[in-house]
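Student:
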Amino acid sequence: MISNDAASLAIQYDTTDRLATRASVWRDTPDGRNPTRAALAAVVAAEPADFLEVGCGTGEFAASVSDALSNTHVVATDRSQVMALATARHGVLTQVAEAADLPFDDASFDVVYAGWMLYHVPDLDAALRQVRRVLRPGGAFVAVTNGDEHLADLLTQAGGEPLVTGFSTENGRDALSRHFAHIDQEDFDTRAVFADHVAAQTYLATFRPDLAEALPAFEGERSCRGASTVFVAR
Ligand SMILES: C[S@@+](CC[C@H](N)C(=O)[O-])C[C@H]1O[C@@H](n2cnc3c(N)ncnc32)[C@H](O)[C@@H]1O
Numbered sequence: 001m002i003s004n005d006a007a008s009l010a011i012q013y014d015t016t017d018r019l020a021t022r023a024s025v026w027r028d029t030p031d032g033r034n035p036t037r038a039a040l041a042a043v044v045a046a047e048p049a050d051f052l053e054v055g056c057g058t059g060e061f062a063a064s065v066s067d068a069l070s071n072t073h074v075v076a077t078d079r080s081q082v083m084a085l086a087t088a089r090h091g092v093l094t095q096v097a098e099a100a101d102l103p104f105d106d107a108s109f110d111v112v113y114a115g116w117m118l119y120h121v122p123d124l125d126a127a128l129r130q131v132r133r134v135l136r137p138g139g140a141f142v143a144v145t146n147g148d149e150h151l152a153d154l155l156t157q158a159g160g161e162p163l164v165t166g167f168s169t170e171n172g173r174d175a176l177s178r179h180f181a182h183i184d185q186e187d188f189d190t191r192a193v194f195a196d197h198v199a200a201q202t203y204l205a206t207f208r209p210d211l212a213e214a215l216p217a218f219e220g221e222r223s224c225r226g227a228s229t230v231f232v233a234r
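The sequence shown: position 163 = 163 (UniProt numbering), numbered continuously.
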């Protein structure tokens, strides 16, 4: 299970380097698809006048929306002040905010995006109610998450268990359908490439230092299966 207590989230997200380490290993699917590009395409296709990202991390996605849609008003939020500051450095208007307590009026945005963050929120339905509230009628919610099989081989080899979360490839549609009438889902068999054993340990240490220590040694580069999903809900 992903640990969502405040102390664990603070360790993961009160610096930007752990997130950067994790992002750096991911490669496209064998047929050349990529969940971030698919999510950006869904946002761009909707041509929002007002766009909100929730849980923006270091802000690359919000910045890419600004670059792609020069007339769109882009706003980003994150519960971590460090992440909000990193995003603001891209020139994006950024606020520190909890997903379950968004500081915006009803019907303020045409598109809301949440990438790899809904599995962290303590009260998923409260966060989804907030997303629904700040979306205009006919607006789109784009969410990206991982599946139960994401890095499952690496985790189990290190003595851990697959990361089964409250918002995943497997259960995300059910959660979204409590708040949205129509949901599209696209799944991605991604790959993580670790240059060597130390690189795999460094990755695991960003969220499970105990598993990093326990990972059996291996020679050379190693490729591991990932599983991600892009949901578009209206
Ligand atoms: C895995 S990172 C993803 C960041 C970014 N969306 C990306 O794809 O690179 C998760 C982010 O969600 C933020 N976060 C976690 N729980 C949150 C909450 N309850 N409300 C707002 N942000 C949250 C973290 O601080 C972190 O920046």
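Backbone N, C-alpha and C define an ideal beta-carbon position, used for all residues, glycine too.
For M1 and D78, I'd like the C-alpha separation in whole angstroms.
Tutor: Against the sequence shown, residue 1 aligns to sequence position 1. Against the sequence shown, residue 78 aligns to sequence position 78. Here M1 scores only 48 on pLDDT, less than 50, and its place in the model is too uncertain to base an answer on.
Student: Counting only the same chain and skipping the five closest in sequence on each side, list residues whose C-beta sits under 6 Å from that of A10.
Tutor: Locating residue 10 in the sequence shown gives position 10, counting from the first residue. Here the set comprises nothing.
Student: Do you know offhand how far V198's Cα is from R191's?
Tutor: Counted from its first residue, the sequence shown places residue 198 at position 198. Counted from its first residue, the sequence shown places residue 191 at position 191. The straight-line gap from Cα to Cα measures roughly 18 Å.
Student: What does the alpha-carbon distance come out to for the pair C56 and A84?
Tutor: Here residue 56 corresponds to residue number 56 of the sequence shown, with the count starting at 1. Here residue 84 corresponds to residue number 84 of the sequence shown, with the count starting at 1. Those two C-alpha atoms are separated by around 7 Å.
Student: Starting from R191, trace the beta strand (DSSP E) both ways and give me its first and last residue.
Tutor: As a first step, residue 191 must be located in the sequence shown, where it is residue number 191. Its beta strand (DSSP E) spans residues 191-194.
Student: DSSP on E213, reduced to helix/strand/coil?
Tutor: On the sequence shown, residue 213 is found 213 positions in, with the first residue counted as 1. If DSSP states are grouped into helix, strand and coil, E213 belongs with the helices.
Student: Please state whether DSSP places F231 in a helix, a strand or coil.
Tutor: In the sequence shown, the residue the question calls residue 231 occupies position 231. In this structure, F231 counts as strand in the three-state DSSP scheme.
Student: Over what stretch of residues does the beta strand (DSSP E) that includes S223 continue unbroken?
Tutor: Translated into the one-based positions of the sequence shown, residue 223 becomes position 223. Residues 222-225.
Student: Helix, strand or coil: how does DSSP classify H73 here?
Tutor: Numbered from its first residue, the sequence shown carries residue 73 at position 73. H73: strand per DSSP, three-state reduction.
Student: Say whether the segment 154-172 touches the segment 209-227, bearing in mind that this needs 3 or more beta-carbon pairs closer than 8 Å, one atom from each stretch.
Tutor: Flag = yes, the segment 154-172 and the segment 209-227 touch.
Student: Could you please give me the residues that DSSP links to G115 through a beta bridge?
Tutor: Here residue 115 corresponds to residue number 115 of the sequence shown, with the count starting at 1. DSSP lists V144 as partners of G115.
Student: In chain order, what residues place their C-beta within less than 5 Å of a heavy atom belonging to ligand 1?
Tutor: Qualifying residues come out as Y13, G55, G57, D78, R79, S80, M83, E98, A99, G115, W116, M117, H120, V121.
Student: Quick one: which unbroken alpha helix (DSSP H) runs of 4-plus residues sit fully inside the segment 11-62? Chain order, please.
Tutor: Counting only runs of 4 or more, we get 17-24, 35-46.
Student: Ignore the nearest five residues each way along the sequence and tell me which others in A20's own chain have a CB closer than 8 Å to its CB.
Tutor: Translated into positions along the sequence shown, residue 20 becomes position 20. Answer for A20: T58, listed in chain order.
Student: Across the segment 133-148 and the segment 223-233, are there enough close Cβ pairs to call them in contact, namely three or more that are closer than 8 Å?
Tutor: Yes, since at least three Cβ pairs between the segment 133-148 and the segment 223-233 fall closer than 8 Å, the two stretches touch.
Student: For the alpha helix (DSSP H) that residue 239 lies in, which residues bound it at each end?
Tutor: The requested residue 239 is not part of the displayed model; the chain covers only 1 to 234.
Student: With DSSP as the reference, identify every bridge partner of F188, one or two as the case may be.
Tutor: Within the sequence shown, the letter at position 188 stands for residue 188. In the DSSP output, where bridge partners are listed per residue, F188 has S228.
Student: Helix, strand or coil for D174? Go by DSSP, reduced to three states.
Tutor: Walking along the sequence shown from the start, residue 174 turns up at place 174. Here D174 sits in helix by DSSP.
Student: Helix, strand or coil for D125? Go by DSSP, reduced to three states.
Tutor: To locate residue 125, count along the sequence shown from 1; it is residue 125. D125 falls in the helix class under three-state DSSP.
Student: Report the residue from M117, L151, D101, W116 whose alpha carbon sits nearest the alpha carbon of E132.
Tutor: Taking the first residue of the sequence shown as 1, we reach residue 132 at position 132. A small fix is needed here, since residue 132 is Arg in this sequence, not Glu. When each option's Cα is compared against that of R132, the closest is D101.
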